[in-house]
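Read the structure below first, then the notes.
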Amino acid sequence: MLFIRIVNYIRGYLNIKVSGGFTERFINICSHRGLQLWDICAEDGAFTAAMRVKDFFRVREIASVTRTKVRIIRRCGLYFTLKRYRHRWPAAAGVLLAVLIVYYTSSHIMGIDITGNSRIPTGQLLSELREVGVYVGGSISGLSADRIRNEMIINNDDIAWLGVNIRGSRVYIEITERIDIDSLPRLSDEPCNLVAAKDGVIARLEIKQGQTMVKKGDAVREGDVLASGIMDSVYGGFRTVHAYGDVIAQTEYVKTREYPLKYTEKEYSGEPKVRYGLNIMGKRLDIIPRTSDESSDEQCEDYTLKFSIFGHDIEVGAVKKTIREYTEVEKQSTVSETVKRGVSELTEEVEKEIPEGAEIVGKSSDHNILSGETVSVTVRYECHENIAKESIIDKSLIDKNQVLDYDIESGE
Numbered sequence: 046m047l048f049i050r051i052v053n054y055i056r057g058y059l060n061i062k063v064s065g066g067f068t069e070r071f072i073n074i075c076s077h078r079g080l081q082l083w084d085i086c087a088e089d090g091a092f093t094a095a096m097r098v099k100d101f102f103r104v105r106e107i108a109s110v111t112r113t114k115v116r117i118i119r120r121c122g123l124y125f126t127l128k129r130y131r132h133r134w135p136a137a138a139g140v141l142l143a144v145l146i147v148y149y150t151s152s153h154i155m156g157i158d159i160t161g162n163s164r165i166p167t168g169q170l171l172s173e174l175r176e177v178g179v180y181v182g183g184s185i186s187g188l189s190a191d192r193i194r195n196e197m198i199i200n201n202d203d204i205a206w207l208g209v210n211i212r213g214s215r216v217y218i219e220i221t222e223r224i225d226i227d228s229l230p231r232l233s234d235e236p237c238n239l240v241a242a243k244d245g246v247i248a249r250l251e252i253k254q255g256q257t258m259v260k261k262g263d264a265v266r267e268g269d270v271l272a273s274g275i276m277d278s279v280y281g282g283f284r285t286v287h288a289y290g291d292v293i294a295q296t297e298y299v300k301t302r303e304y305p306l307k308y309t310e311k312e313y314s315g316e317p318k319v320r321y322g323l324n325i326m327g328k329r330l331d332i333i334p335r336t337s338d339e340s341s342d343e344q345c346e347d348y349t350l351k352f353s354i355f356g357h358d359i360e361v362g363a364v365k366k367t368i369r370e371y372t373e374v375e376k377q378s379t380v381s382e383t384v385k386r387g388v389s390e391l392t393e394e395v396e397k398e399i400p401e402g403a404e405i406v407g408k409s410s411d412h413n414i415l416s417g418e419t420v421s422v423t424v425r426y427e428c429h430e431n432i433a434k435e436s437i438i439d440k441s442l443i444d445k446n447q448v449l450d451y452d453i454e455s456g457e
């Protein structure tokens, strides 16, 4: 019965009302001639019923014989629904698009969350995950957490353990990294010297273990031994220790560059041109492509919108590009203007080179006019910083047959 109703709905059917005359005889003749009527409901000398569309055209003769009137109340079924909305295709297209989006987002990876990594870059992990079939937009079907885990650990020696959880359309990766042995502090019983990491003048020392080889005010070069790990033993001979401590030295950071008094400057012309684009799931699409023009600057502003559809995260972005055309014009600057520009530029570069923790104790700048068209600008920073670094002692130098030739003063 249910199957027949489904077939009738797909083909389409009519709800009719039969009134006047001999309604009972109308039903009997329809039944005798094989015309199907269902959902019959009597009301005040008339009745309503449902019948197939093709049968409706055969009831005219029956209505004439039984002196009844047949009127269509409603057209039902898939055929009439599609016919009714045939001029509203955008709505149908929207419904179809929504169905496709729901299907796509429920069967494809919409996001990858990685936690636990500190040394391994997230970009590298995403690239390695792509190689094993895990990437945004990839199919969820066929993914095996065990296979992903095993292949990732085999491909990356820095991963000690990896957990994979697939929840809906998102993949959650949890990582435990292997311990970097090189980053661990040296064992206290491992013989080593303290050597200078860079040139400088010793400002103060705090050697906690080892034989001090320098004093305050000494000038040292990179690689010089500051504290030796080979010391005289009270029992005669020598003993080896793990030298460690802090050696603060005055270091110098200097940058020099030549600047011409004549220089080229950009002069922008006209109003800025604005172009827009879309960024959908990491793919950029320019709505109005621009022609290539080398004499123009381009500034991009990204606006990203994240929203969720049925629990699936979707990321859509808009890109606004501001294009400004320019012409290059030669200009002449004064010596003071050139020096000021050079000092500002070099100062910024030098400060980026100074390590974290270093104390700036002095800074200066000077310049020389090399010719009528060029100025040499120098920026100098003086800092106090710890220049001591550990250097493992070559075991061959500690051999009993060679120790007498070992020169503690030079470390050679």
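For the sequence shown, my numbering gives the first residue as 46, with consecutive numbering after it.
We treat Cβ as the ideally placed atom computed from N, Cα and C, and that holds for glycine.
This structure is a prediction, so every number in the text was calculated from the model and none was measured.
With contact defined as three or more Cβ pairs closer than 8 Å, the segment 389 to 406 and the segment 204 to 224 are not in contact. The closest CA to that of residue 103, considering only 427, 80, 405 and 152, is found on 80. The C-beta of residue 67 has fewer than 16 other C-beta atoms within 10 Å across all chains shown, which makes the residue exposed.
Judged by DSSP in its simplified three-state form, residue 223 adopts coil rather than helix or strand. In the DSSP assignment, residue 206 forms a beta bridge with 221. Note: residue 413 is bridge-paired with 421 in the DSSP secondary-structure output. Exclusion of the five residues before and after residue 288 leaves 237, 238, 239, 252, 254, 255, 256, 272, 273, 274 and 435 as the residues of its chain whose Cβ lies within less than 8 Å of its Cβ.
Beyond the five residues adjoining it in sequence on each side, residue 105 comes within less than 7 Å, by CB distance, of no other residue in the same chain. Between residue 365 and residue 319, the gap from beta carbon to beta carbon is short of 8 Å. With contacts defined as CB atoms closer than 8 Å, residue 418 and residue 261 fail to qualify as a contacting pair.
DSSP places residue 258 outside both helix and strand once states are collapsed to three, so it counts as coil. Apart from the 5 residues on each side of it in sequence, residue 409 sits with its Cβ closer than 7 Å to the Cβ of 425 in its chain, given in chain order. A Cβ-Cβ contact shorter than 8 Å links residue 376 with residue 310. In the DSSP assignment, residue 191 falls within the alpha helix (DSSP H) that extends over 190 to 200. For residue 67, the three-state secondary structure derived from DSSP is coil. Within the segment 94 to 130, the complete alpha helix (DSSP H) segments of 4 residues or longer fall at 98 to 101, 104 to 111 and 123 to 129, listed in chain order. When the five nearest sequence neighbours on each side are left out, the beta carbons in the same chain lying within less than 8 Å of the beta carbon of residue 165 are those of 201, 203, 204, 220 and 222, in order along the chain.
The beta carbon of residue 196 sits closer than 6 Å to the beta carbons of 177 from its chain, once the five residues preceding and following it are set aside; these are given in chain order. A distance below 7 Å between beta-carbons, with the five flanking residues on each side excluded, links residue 269 to the following residues of its chain, in chain order: 240 and 241. Excluding residues up to 5 positions away in sequence, 130 lie with their Cβ nearer than 8 Å to the Cβ of residue 136 in the same chain. For residue 295, the uninterrupted beta strand (DSSP E) segment begins and ends at 289 to 305.
The count of Cβ pairs closer than 8 Å, one atom from the segment 142 to 154 and one from the segment 171 to 187, reaches three, so the stretches are in contact.
Residue 210 holds the alpha-carbon nearest to the alpha-carbon of residue 157 among 416, 304, 192 and 210. CA-CA distance, residue 93 to residue 87, rounds to 6 Å. Pairing residue 361 with residue 387 gives a Cβ-Cβ distance that is not under 8 Å.
Leaving aside the five residues that flank residue 391 on each side, the residues in its chain whose CB is nearer than 7 Å to its CB run, in chain order, 300, 302, 422 and 424. Assigned with DSSP and collapsed to three states, residue 81 falls in coil, not helix or strand. Taking C-beta atoms as the reference points, residue 90 and residue 109 fail to come closer than 8 Å.
With distances taken between CA atoms, residue 244 lies nearest to 265 out of 259, 265, 258 and 250. DSSP places residue 180 in the coil class of the three-state scheme, outside both helix and strand. In the DSSP assignment, residue 435 falls within the unbroken beta strand (DSSP E) covering 433 to 437.
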